[in-house]
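Undergrad: Could you have a look at this structure, given as structure tokens, before my questions?
2 protein chains.
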Amino acid sequence: MQSNIGSKDSAGSFLKRDREVVTPLGDGGHNTYVKVSAPGTVANLVCGFDILGLCLNEPHDIMEVQLLDEKKIIIHSADGYPLPLDPAQNTAGAPLIEMINELGGNIGFEVTIHKKIKPGSGIGSSAASAAGAVVAANYLLGNVFSKTDLVRFAMFGEKVASGVKHADNIAPCIYGGITLIRSIHPLDIVVIPVPELYVTVVHPQIEVRTKDARQILRKEVLLKDAIKQWGNIAGLVAGFMKNDLDLVGRSLEDVIIEPVRSILIPGFDEVKRRCKEAGALGGGISGSGPSLFMLSKKEATAIQVENVMKEIYERIGLAYHSYVTTINMEGVKVLTD
Amino acid sequence: MQSNIGSKDSAGSFLKRDREVVTPLGDGGHNTYVKVSAPGTVANLVCGFDILGLCLNEPHDIMEVQLLDEKKIIIHSADGYPLPLDPAQNTAGAPLIEMINELGGNIGFEVTIHKKIKPGSGIGSSAASAAGAVVAANYLLGNVFSKTDLVRFAMFGEKVASGVKHADNIAPCIYGGITLIRSIHPLDIVVIPVPELYVTVVHPQIEVRTKDARQILRKEVLLKDAIKQWGNIAGLVAGFMKNDLDLVGRSLEDVIIEPVRSILIPGFDEVKRRCKEAGALGGGISGSGPSLFMLSKKEATAIQVENVMKEIYERIGLAYHSYVTTINMEGVKVLTD
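Protein chains in written order, with numbering that gives the first Met the number 0: chain A, 0 to 336; chain B, 0 to 336.
This is the structure:
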């Protein structure tokens, strides 16, 4: 499916004008095709609701992007997932429309998405498509946009996906590591230096819609709970930056969102309790769920934590998918020139 | 005035038993008299309500403490301030009572307070008395207690002063620098590495009682405001630790407490706006006020900021006291052996 998003065609192709006008800031800019990997991400990080996110090494989507010389976006889904192929409704397409409109000129992109991050799993599937698309497009344009610009564009993909322009999956997907979104208006992203950690993820195969997960939250919270939460957030950031993993563990406590949302996820309390008993520093709901994540200091612990998760969901009788991965420090990665 | 806080006198003096039983962890332990300086502190640090505090180099109280060999606390006020001299009602006395009760044995302290930090000014006058007393007492006992223990004892002084056992003045007063109180129960204090900064303080001579300042706060806050606040707290901690002073400045924003409390302080809005125009990174109410503080990168800016404060309160016609100081990295300091 394809969609023509502009009506005015100016003379000459964009590519020609691009070479005359735009100074490439990095690699790319002379290529018309690129392949990128776009990783999964864990938003919220327990106490950091709406402000913190972490980039995963696995899973990741593969995206192929071709530069076009007309104002057009074409989306292909290379997998069985029923992604909307209308660019304006697609999480990769919507950000590219914004990017093209801001640039002006006759450019377009043909995007093929090899979706490996299951939509609705809670580890940033929509963000990966949005972030991968804008990083790839920017590469082909000679990296004319900053990372902050790319986050700004990519958030239009999140709006398509969940109705809200949030950046707590987008930012870590583009920057890598752990990112703080201090503010959305104006956009203020801070990369948090982060120690080596292992991440165990389990995806119980139930559906939790982001809109539902957002709707069940109360609009008001107790000041005393908010104070506890911001103490934990400050502790978590300090723990990451001081490489004080015990402090990270103590700070991974959410007194506001988790008590409400965890009721949507069967087995939550047992998973959390027993994973911590097995040595995990802590963890909780990934994004708005249903995936759960746990952080561990050592790989052996992370594997033991995975075994606990498996044992619980096998006993409950709920299909699940689990894996152990690490923190991705790069974010979206260009795979070919 | 003096008060006997124990009835059972065991045989032999504590001092003798102390030398036999307690292993001194540092200096002190062989002295029966010590003089300490106990500095002022700025609690809350704008967005860090109830969890962050900063230690000042000026002003500071001087406290003299004498070890006694009977279970007794004696408080002297060496200045004109009408401090309660009943130990149980005195911010230095109450923590010492707790310390003595926990230790057991026949010990006591005679405390002389030279109060330089004006009570009610909002820069931790009560915390300085409490922290100074426990650090001095611990020194005389051979440093048998950890800093966390000392904070725990000193919080009894805050309870006497304001009815609430908070640690956001006590912790920075004992540890120095900027401290995070991640949690009160259990007590979890994190020292935040901090860059060189200049602090300008103005104390408009009005009374804001801590109890009143606490009472006017709403018990519930909007989740969206809480999210903004914890984004700022995370940004502030990251800014201090990355030595990113512009991030510190952007994060010094309080959307929850300041809009309510600032109405108690004449001139607040103008002071804040014009001090930032004069180059301050940001600032706000110190503790529950009425003192206001501003952080600056450079001494020259901090002096200019002070001039702005002076100009405003002179025009308003409100008596004030202002000064420029720096961050105290040591906290309570032992002055003599």
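Note that CB positions come from ideal geometry on N, CA and C, so glycine has one too.
If you're wondering where the values come from, they're calculated on a predicted model, not measured in any experiment.
#1: Just to confirm, does B:Val323 get its C-beta within under 7 Å of one of the non-hydrogen atoms of the ligand FAD?
#2: For the putative contact between A:Ile183 and A:Ala166, defined by C-beta atoms under 8 Å, what is the C-beta separation to the nearest angstrom?
#3: B:Lys218 touches chain A at which residues, Cβ-Cβ below 7 Å?
#4: Give the interface partners of B:Asn231 over in chain A, defined as CB-CB distance under 7 Å, in chain order.
#5: Which residue comes first and which comes last in the beta strand (DSSP E) that contains B:Cys54?
#6: Please determine, among B:His113, B:Asp253 and B:Gly121, the residue with the shortest C-alpha to C-alpha distance to B:Leu53.
#7: Does the count of Cβ pairs from the stretch 258-271 of chain A and the stretch 225-238 of chain A closer than 8 Å reach three?
#8: Would you check if there are 3 or more beta carbon pairs closer than 8 Å linking the stretch 154-163 of chain B to the stretch 188-203 of chain B?
#9: For the stretch 315-330 of chain B against the stretch 201-217 of chain B, are there 3 or more C-beta pairs whose distance is under 8 Å?
#10: Kindly list the residues whose CB is nearer than 8 Å to the CB of A:Ile188, restricted to its own chain and excluding five residues on each side of it in sequence; keep chain order.
#11: Whole angstroms are fine: how far does the CA of A:Leu263 sit from the CA of A:Val21?
#12: Residue range of the alpha helix (DSSP H) that B:Val259 falls in?
#13: Spatial neighbours of A:Val307 within its chain, please: C-beta separation below 7 Å, excluding the five flanking residues on both sides.
#14: Kindly list, in the order they appear in chain B, the residues whose Cβ is closer than 7 Å to that of A:Gly48.
#15: Express the C-alpha separation of B:Val331 and B:Asn168 in angstroms, rounding to a whole number.
#16: For a contact defined as C-beta to C-beta under 7 Å, what are the partners of A:Val236 on chain B?
#17: According to the neighbour-count rule (16 or more other Cβ atoms, all chains shown, within 10 Å of its Cβ), is B:Asn105 buried or exposed?
#18: For B:Ser125, which residues from the same chain have a beta carbon less than 8 Å from its beta carbon, with the 5 sequence-adjacent residues on both sides left out?
#19: Which chain A residues sit within Cβ distance under 7 Å of B:Val189?
#20: Name the chain B residues that come within less than 7 Å of A:Ser250, Cβ to Cβ?
#21: Is the CB of B:Ser62 under 8 Å away from at least one CB in chain A?
#22: Between the stretch 43-57 of chain B and the stretch 129-145 of chain B, are three or more C-beta pairs nearer than 8 Å?
#23: Using 8 Å as the threshold, is the C-beta distance between B:Ile226 and A:Asp211 below it?
#24: Once the 5 residues before and after B:Thr31 are set aside, which same chain residues still bring their CB inside 6 Å of it?
#25: If you run the structure through DSSP and keep just helix, strand and coil, what is A:Pro203?
#26: Please confirm whether A:Met328 has its beta-carbon closer than 8 Å to some beta-carbon of chain B.
#27: Name the residue from A:Ile73, A:Glu195 and A:Ile311 whose alpha carbon lies nearest to the alpha carbon of A:Asn327.
#28: With respect to the alpha helix (DSSP H) encompassing B:Val307, which residues constitute its N-terminal and C-terminal limits?
#29: Would DSSP call B:Arg346 helix, strand or coil?
#30: Span of the beta strand (DSSP E) holding B:Val220?
#31: Whose C-alpha, out of A:Lys241, A:Pro81, A:Glu252 and A:Val33, is nearest the C-alpha of A:Leu44?
#32: With 8 Å as the threshold, decide whether the Cβ of B:Gly281 is near any Cβ in chain A.
#33: Return helix, strand or coil for B:Leu337, following the three-state DSSP convention.
#34: What distance in whole Å lies between the Cβ atoms of A:Gly266 and A:Ile315, which are believed to be in contact at a cut-off of 8 Å?
#35: Determine the chain B residues that contact A:Met293 at a beta-carbon separation under 9 Å, and present them in chain order.
#36: Among the residues of its own chain, which have a CB less than 7 Å from the CB of A:Cys172, if the five just before and after it don't count?
TA: This is what the structure holds:
#1: With respect to the ligand FAD, the structure shown offers nothing to examine, as it has no ligands at all.
#2: 6 Å
#3: Leu221 and Leu222
#4: Arg181
#5: Leu51 to Leu67
#6: B:Gly121
#7: no
#8: no
#9: yes
#10: Lys146, Thr147, Val150, Ala166, Ala170, Tyr174, Thr178, Leu179, Ile180 and Arg181
#11: Residue placement at A:Val21 cannot be trusted, given a pLDDT of 36 that sits under 50; the coordinates are not used to answer.
#12: Glu257 to Arg260
#13: Arg273, Cys274 and Ala277
#14: At residue 48 of chain A the sequence reads Phe, which differs from the Gly that was named. Result: Ile226.
#15: 12 Å
#16: Ala233, Val236 and Ala237
#17: buried
#18: Thr90, Pro118, Gly156, Glu157, Val159, Ala160, Ser161 and Asn168
#19: Gly234, Ala237 and Leu246
#20: Arg181
#21: Going by the sequence as given, residue 62 of chain B is Met instead of Ser. Taking Cβ atoms only, chain A never reaches closer than 8 Å to B:Met62, which makes this a no.
#22: no
#23: no
#24: Leu66
#25: strand
#26: no
#27: A:Glu195
#28: Glu298 to Ile315
#29: Nothing can be reported for residue 346 of chain B, as the shown portion of chain B is limited to 0 through 336.
#30: Glu219 to Leu221
#31: A:Glu252
#32: no
#33: Only positions 0 to 336 of chain B appear in this structure, which leaves residue 337 of chain B out of reach.
#34: 5 Å
#35: Correct list: empty, because the minimum Cβ distance to chain B is about 20 Å.
#36: Ala37, Pro38, Thr40, Cys54, Gly123, Ala126, Ala127, Ala130, Gly330 and Val331
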